[in-house]
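Colleague: In the working numbering, the protein residues as written are 1098 to 1264.
Backbone N, C-alpha and C fix where the C-beta goes; we use that ideal spot for every residue, glycine too.
Because the structure is a prediction, the values reported are computed rather than measured.
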Ligand code: PNS
C-alpha cells in the first residue's frame, strides 16, 4: 500500500458524462480535501448503458478542471477499495441528491468499509439547483434534441453535440 495522504479524496463514478452537479460536488470536496481524484470506473455496481467510452469521459473531466491543479481526472479498473489503497486515499466522496439515492449509497459505503476498514465515505449534498440533475437525464434529453447547455460545461456540451448532431 502507498503512504496514506489524509488530504486526498477520490470521487468515483460513471461520469457519463460529467454534469454541473458533479462539478459542484468536486468543488465542495475541495473545501476539506487538498486534492480530489475524479475517477471513472470501468465497471459499475449497477448495470447502466454507456454513451461515452472511458477515455472520452476522462478527457471531458480533464478539460472541465483544466484550470485547477487540485483536481485530477483518472480511471480505474476493478474494485474501488483497491484503487483507493493504491492511491493512498482513505476518503471516498459521493453526492447525495435525494433520499432515493440513500439506500444504494449506504450499501456501497458499508460494503466498501467491510472490504477495507480504513476507508470512509463522505456524502455531500449538491446545491439545490442540481438536486434533480443526473447524467442519465442529460443523455436522454441530448439524444432527443433538448437543450442541456445549463446542465453541463461547454466542453461536455461539445462532446454531446458531436454525439447527437442537430437535425
Ligand atoms: O456514478 P455511479 O455509476 O453511481 O458510480 C458507481 C461506482 C462506479 C462508484 C461503483 O459502481 C463502483 O465503485 N464501482 C467499482 C467496482 C466496485 O468497487 N464495486 C463494489 C462496490 S461496493
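(1) Per the DSSP calculation, residue 1133 is bridged to which residue(s)?
(2) Under 8 Å by Cβ, that's how I've got residue 1216 and residue 1181 pegged, so tell me the actual separation to the nearest angstrom.
(3) Is any non-hydrogen atom of the ligand PNS found closer than 7 Å to the C-beta of residue 1138, if you look at the structure I gave you?
(4) Between residue 1238 and residue 1100, what straight-line distance do the alpha-carbon atoms span, to the nearest angstrom?
(5) Report back the beta-carbon spacing between residue 1120 and residue 1233 to the nearest angstrom; my notes put them in contact at under 8 Å.
(6) Exposed or buried, residue 1113, counting other C-beta atoms within 10 Å across all chains shown (16 or more means buried)?
(7) Examine the ligand PNS and report whether any of its heavy atoms sits within less than 7 Å of the Cβ of residue 1111.
Modeller: On the basis of the data shown:
(1) DSSP, once it has assigned bridges, lists 1106, 1168 as partnering residue 1133.
(2) That pair is a contact at about 6 Å.
(3) Annotation for residue 1138 indicates a beta carbon within 7 Å of some heavy atom of the ligand PNS.
(4) If I take the Cα positions, the gap works out to 43 Å.
(5) Approximately 17 Å separates the beta-carbon atoms of residue 1120 and residue 1233; this is outside 8 Å, ruling out the contact.
(6) That one is buried.
(7) Flag set: Cβ of residue 1111 near the ligand PNS.
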